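Please read the structure below before turning to the comments.
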Amino acid sequence: RLLIEIADSTADAERKKAEVMSVKDILSEEQAKVARGTEEAKADLAKAQPALEEARNALDAITPQDMKTIKAMPKPPDIVKQILDGVCILLQLPLAPVSTQSVHGRPMIGDSWRVSGA
Numbered sequence: 023r024l025l026i027e028i029a030d031s032t033a034d035a036e037r038k039k040a041e042v043m044s045v046k047d048i049l050s051e052e053q054a055k056v057a058r059g060t061e062e063a064k065a066d067l068a069k070a071q072p073a074l075e076e077a078r079n080a081l082d083a084i085t086p087q088d089m090k091t092i093k094a095m096p097k098p099p100d101i102v103k104q105i106l107d108g109v110c111i112l113l114q115l116p117l118a119p120v121s122t123q124s125v126h127g128r129p130m131i132g133d134s135w136r137v138s139g140a
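In the numbering used here, each residue's number is its place in the sequence shown (first place is 1) plus 22.
Okay, here's the thing in C-alpha cells:
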C-alpha cells in the first residue's frame with residue numbers, strides 16, 4: 023500500500039513538474055518578447071530624442087513679444103496657424119476637434135487658432 027501511495031505521489035509530482043516547466047517556457051518566451059520590445063522602444067526613443075530637443079530649443083526661443091505679434095494678427099497665414107497647432111501639441115495643450123477646410127481649393131485639416139489662445 024505504501025508503495026502505491028509513493029507511486030501516485032511521484033506521478034502527481036511529475037505532472038506538476040511538467041505543468042510548471044510548460045508555464046516556465048511560456049513565460050521565458052514572453053520575457054524575450056518584452057525584452058525585444060523594450061530594446062526597440064529605446065532605439066526609437068534614441069532616434070527621436072534629437073528632434074525633441076531641437077523642438078524644445080525652438081520653443082524656448084519664442085519670446086513674449088513674438089506671441090504678442092501673433093496675437094495681434096486678425097487672420098494669420100495658414101502656416102502660422104499650423105505651427106501653433108504643433109506648439110500646442112508639444113505643450114500638450116488642447117486642440118480643436120479635427121475638421122477639414124478648403125485652402126486654395128485643396129482640402130486641409132482645420133487649425134486650432136481659436137483654441138490655442140494666440
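For glycine and all other residues, C-beta sits at the position ideal for the given N, C-alpha and C.
Predicted model only: the values in this text are computed from it and were never measured.
DSSP-derived helix/strand/coil call for residue i
i      : result
Ile48  : helix
Ser31  : helix
Pro86  : helix
Val120 : coil
Asp107 : helix
Ala94  : coil
Arg78  : helix
Leu25  : helix
Beta-ladder partner(s) of residue i, from DSSP
i      : result
Ala128 : Correcting the residue type first, residue 128 is Arg in the shown sequence and not Ala. Note: Arg128 sits in a beta bridge opposite Val125.
Selection from the options that minimises the alpha carbon distance to residue i
i      : options                     : result
Lys103 : Ile131, Leu113, Glu76       : Ile131
His126 : Asp100, Ile48, Val109       : Asp100
Asp82  : Lys55, Glu62, Leu113, Met43 : Leu113
CA-to-CA distance, residue j to residue i, given in whole angstroms
i     : j     : result
Pro96 : Asp88 : 15 Å
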